[in-house]
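Q: Numbering (the working numbering), first residue to last: 1 to 146. All residues carry an ideal CB built from backbone N, CA and C; glycine is no exception. Just so we're clear, the structure is a prediction, and the values are computed from it rather than from any experiment.
Dropping the structure here:
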């Protein structure tokens with residue numbers, strides 16, 4: 001069973017999600033339809049969506065507010081806050097300290113951003129960081145371990 005936690009400031013509305021899912025390969029359509037069936041109940045704040053073999057905890061709103069009530073400790077994080085220039089608030093030390101606090105010992109975080117601000121704030125939050133080879137077009141990614 002997979003427990004997946006996501007923070008979305010502006011979740012994609014269901015009416016826009018349906019045509020996106022329609023472009024998926026046919027073998028994924030049953031999964032897309034299962035998500036659509038429970039996605040219509042989405043509201044501001046925490047949402048728990050039950051899918052076959054998966055529980056999705058989706059916070060609709062500002063991650064800086066939602067993390068205070070993060071539902072379970074995370075084994076791994078994918079930090080996708082876009083660029084530090086466009087979304088500096090998602091790379092602030094206080095938020096990354098909260099991420100650290102909600103990470104199991106030995107847990108990891110990964111991001112495509114290797115900006116100094118991200119490295120500095122992950123380190124200040126308590127993570128041990130390392131640059132790793134990225135996937136095109138990114139030359140490097142950043143990994144952080146608690």
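#1: Can you check which of these residues, 20, 91 and 105, is closest to residue 112 by C-alpha distance?
#2: Compare the C-alpha of residue 110 against each of 79, 104 and 96 and name the closest.
#3: Within 10 angstroms of the Cβ of residue 125, are there 16 or more other Cβ atoms? Answer buried if so, exposed if not.
#4: If I follow the unbroken beta strand (DSSP E) through residue 47, where does it start and stop?
#5: Could you tell me whether the region 42-61 touches the region 84-104, using the rule of 3 or more Cβ pairs below 8 Å?
#6: Would you call the region 95-106 and the region 128-135 touching, i.e. three or more CB-CB distances under 8 Å?
#7: Between the alpha carbons of residue 140 and residue 107, how many angstroms are there, rounded?
#8: Provide the residue(s) that pair with residue 140 in DSSP beta bridges, ordered along the chain.
#9: Contact defined as beta carbons within less than 8 Å: I believe residue 38 pairs with residue 29. What is the distance between those atoms, to the nearest angstrom?
#10: Kindly indicate which residue of 23, 16 and 9 has the alpha-carbon position closest to the one of residue 65.
#11: With H, G and I counted as helix, E and B as strand and the rest as coil, what does DSSP make of residue 61?
#12: Determine, using beta carbons only, whether residue 103 and residue 77 come nearer to each other than 9 Å.
#13: Quick one: what's got a C-beta closer than 8 Å to residue 121's C-beta in the same chain, skipping five residues either side?
A: Quick look at the numbers:
#1: Stepping through the chain shown from its first residue, residue 112 is reached at position 112. Comparing Cα-Cα distances from residue 112 to each of 20, 91 and 105, the minimum goes to 91.
#2: Here residue 110 refers to the residue found at position 110 when the chain shown is read from its first residue. Among 79, 104 and 96, the Cα nearest to that of residue 110 belongs to 79.
#3: Working through the chain shown from its first residue, we reach residue 125 at position 125. Buried is the call here.
#4: Within the chain shown, the letter at position 47 stands for residue 47. Taken as a continuous stretch (DSSP letters only), the beta strand (DSSP E) holding residue 47 covers 45-51.
#5: no
#6: no
#7: Here residue 140 refers to the residue found at position 140 of the chain shown. Here residue 107 refers to the residue found at position 107 of the chain shown. The straight-line gap from Cα to Cα measures roughly 20 Å.
#8: Translated into the one-based positions of the chain shown, residue 140 becomes position 140. Answer is 133.
#9: Locating residue 38 in the chain shown gives position 38, counting from the first residue. Locating residue 29 in the chain shown gives position 29, counting from the first residue. Not really, about 16 Å apart at Cβ, beyond 8 Å.
#10: As a position in the chain shown, residue 65 is number 65, starting the count at 1. It is 9 whose Cα lies nearest to the Cα of residue 65.
#11: For the purposes of this step, residue 61 is taken as the residue at position 61 of the chain shown. Coil.
#12: In the chain shown, the residue the question calls residue 103 occupies position 103. In the chain shown, the residue the question calls residue 77 occupies position 77. Cβ atoms of residue 103 and residue 77: closer than 9 Å.
#13: Here residue 121 refers to the residue found at position 121 when the chain shown is read from its first residue. Counting only Cβ-Cβ distances below 8 Å, and skipping sequence neighbours, we find 91, 92, 93 and 96.
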